[in-house]
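Working notes, structure below.
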Amino acid sequence: MTLTQAAFGKTTLTRQVLLALGGAALIAAATQVSVPFFPVPMTLQTLAILIVGLSFGARLGTATLLTYLGYGAMGLPVFANGMNGLAFAGPTAGFLLGFVLMAWLAGLAADRGIARGVVSTVLVALVLSMLLYLPGIAWPMAVASATGIEAGWVGQEIGVYWTHFIAPFLIGDAVKAVIAALIVTGAWKAFKGRTA
């Protein structure tokens, strides 16, 4: 059982659609809280994605992220710094696609009861935050050039990606993972206390 199922009971199609739309809007809003690094900005995006995945479960969390990406593909300025679908050809495209996997895995951990206590939820969130770097740097290292994209951030040595795509974000991502876990487990405790 996920947090949203515990809070709202039976999940009807209408409720799922509303949760996906609301979750996508939450992620879009969190993404606009940005610290301007280049070429990848630091935002509260992963915090919101972890909360959505850990609260919604794998299927609804994935649907929410696909909705969010769909907003951007339609031209809405939902990505960092008000970007839209053009970001799918930019340096953050690998992270954008990795967000779907992040939400799915967070939701899977919630569905299976792995992410239920504070410690287990923190560990899940930390591991997923670190795994996000794989698609994040795979895109500029190899995939972007294979699709014909040419830019200064494409096809560089690993040191460039460590310096600009990973190192500046490690502490912030760890903090966001812990905060997301505390929010979700705190919500579980509050809900259980209310129904006890």
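Using this note's numbering, the letters of the sequence shown map in sequence onto residues 549 to 744. Just so you know, even glycine gets a beta-carbon here, dropped at the ideal spot from N, CA and C.
Sixteen is the threshold: since fewer than 16 other Cβ atoms of the shown chains lie within 10 Å of the Cβ of Trp710, the residue is exposed. Around the Cβ of Gly646, a 10 Å sphere holds 16 or more other Cβ atoms; the residue is buried. Proximity of the region 722–742 to the region 670–679 meets the contact definition, three or more beta-carbon pairs being nearer than 8 Å. Remark: three or more beta-carbon pairs, one from each stretch, lie closer than 8 Å, so the region 570–581 and the region 621–635 are flagged as touching. Its chain contains Gly646, Met650 as the residues whose beta carbon lies nearer than 6 Å to that of Leu680, once the 5 sequence neighbours on both sides are disregarded; these appear in chain order. Minimum Cα-Cα distance from Ala596 among the listed residues Phe586, Pro584, Val588, Gly609 corresponds to Gly609. Cβ-Cβ distances below 8 Å link Arg563 to Phe556 in the same chain, with the five nearest sequence neighbours on each side left out; the list follows chain order. For Leu569, the closest C-alpha among the options Gly618, Phe739, Met590, Leu656 is that of Gly618. The bridge partners DSSP lists for Ser582 are Thr591. Here DSSP, grouped into helix, strand and coil, assigns Met631 to strand. Between the C-alpha atoms of Leu656 and Ser677 there is a straight-line separation of about 15 Å.
By a beta-carbon distance limit of 8 Å, Gly642 does not contact Trp701. Their separation comes to about 11 Å. Going by DSSP, Pro716 is part of no alpha helix (DSSP H) at all; its letter is neither H nor E. At a cut-off of 4 residues, the continuous stretches assigned as alpha helix (DSSP H) that sit fully inside the region 606–631 are 606–621. When DSSP states are grouped into helix, strand and coil, Ala699 belongs to the coil group.
With 16 or more other CB atoms across the displayed protein chains lying within 10 angstroms of its CB, Phe717 is buried.
Nearest C-alpha to Gly571 among Ser582, Val600, Ala725, Lys724: Val600. Just measuring C-alpha positions, the residue of Thr594, Leu567, Gly633, Ala635 sitting nearest Gly720 is Thr594.
By the CB criterion at 9 Å, Thr550 and Ala658 fall inside the cutoff.
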